[in-house]
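Read left to right, the first sequence gives residues 110 to 222 (the numbering used here).
Positions of the beta carbon are idealized from the N, C-alpha and C atoms, including for glycine.
Presented below is the structure to which this report refers.
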Amino acid sequence: MQDRNARIYAAIAAIPPGRVASYGAIAARAGLPGRARLVGRLLGEVPDGMELPWFRVLRASGHVAMPPGSRGFREQCRRLRAEGVEVVNGRVPLSRFGLDGNLDHALWGWPDA
DNA sequence: CACATGACAGGGG
DNA sequence: ACCCCTGCCATGT
Numbered sequence: 110m111q112d113r114n115a116r117i118y119a120a121i122a123a124i125p126p127g128r129v130a131s132y133g134a135i136a137a138r139a140g141l142p143g144r145a146r147l148v149g150r151l152l153g154e155v156p157d158g159m160e161l162p163w164f165r166v167l168r169a170s171g172h173v174a175m176p177p178g179s180r181g182f183r184e185q186c187r188r189l190r191a192e193g194v195e196v197v198n199g200r201v202p203l204s205r206f207g208l209d210g211n212l213d214h215a216l217w218g219w220p221d222a
């Protein structure tokens, strides 16, 4: 059970800077296909201080998942732009920055393939 | 124990 | 491209 969370965190930590991934993609890479919601629930409970690139996780549509205008929303957009990711109206062009759905899988440098 | 909720996703209209 | 509905599943009432 706890091991499950660890794998999800690992999947998120593996997203290269300047790129983004969807909740579903993270769940899949963590060996939990179809459990995107689980990933979202976990991100909502990331203990302060835990170092994790949570801001690189978006909806499958490329949208930032938090309520537009909310504190977290702005924080996420800010951090993404800080590393060169383009955010337009709370949305990121997955065609260019997305890790899933493209030919960029080679960039996921983790232990499987 | 039944029911509502949620940082989700995919398919259809 | 947007809205709605359905499938999912852990938590909280």
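Cβ of residue i within 8 Å of Cβ of residue j?
i      : j      : result
Arg190 : Val197 : no
Ala136 : Arg144 : yes
Per DSSP, what kind of secondary structure is residue i in: helix, strand or coil?
i      : result
Ser179 : coil
Arg128 : coil
Return the CA-CA distance between residue i and residue j, expressed in angstroms with no decimal places.
i      : j      : result
Gly149 : Tyr132 : 7 Å
Ile117 : Arg138 : 8 Å
Met165 : Gly181 : Position check: residue 165 holds Arg in this sequence, whereas Met was assumed. Whole-angstrom Cα-Cα distance: 13 Å.
Pro156 : Arg183 : 19 Å
Gly210 : Gly158 : Annotation note: pLDDT 47 at Gly210 (below 50); position unreliable, no value reported.
Ala169 : Arg200 : 11 Å
Ile121 : Trp163 : 7 Å
According to the neighbour-count rule (16 or more other Cβ atoms, all chains shown, within 10 Å of its Cβ), is residue i buried or exposed?
i      : result
Ala115 : exposed
Is residue i close to the ligand SAM? I mean its beta-carbon at under 7 Å from any heavy atom of the ligand.
i      : result
Glu192 : The model depicted lacks the ligand SAM and carries no ligand whatsoever.
(request) Only counting runs of 4 or more residues, tell me where the alpha helix (DSSP H) segments fall wholly within the segment 136-170, in order along the chain. (result) Correct list: 145-152.
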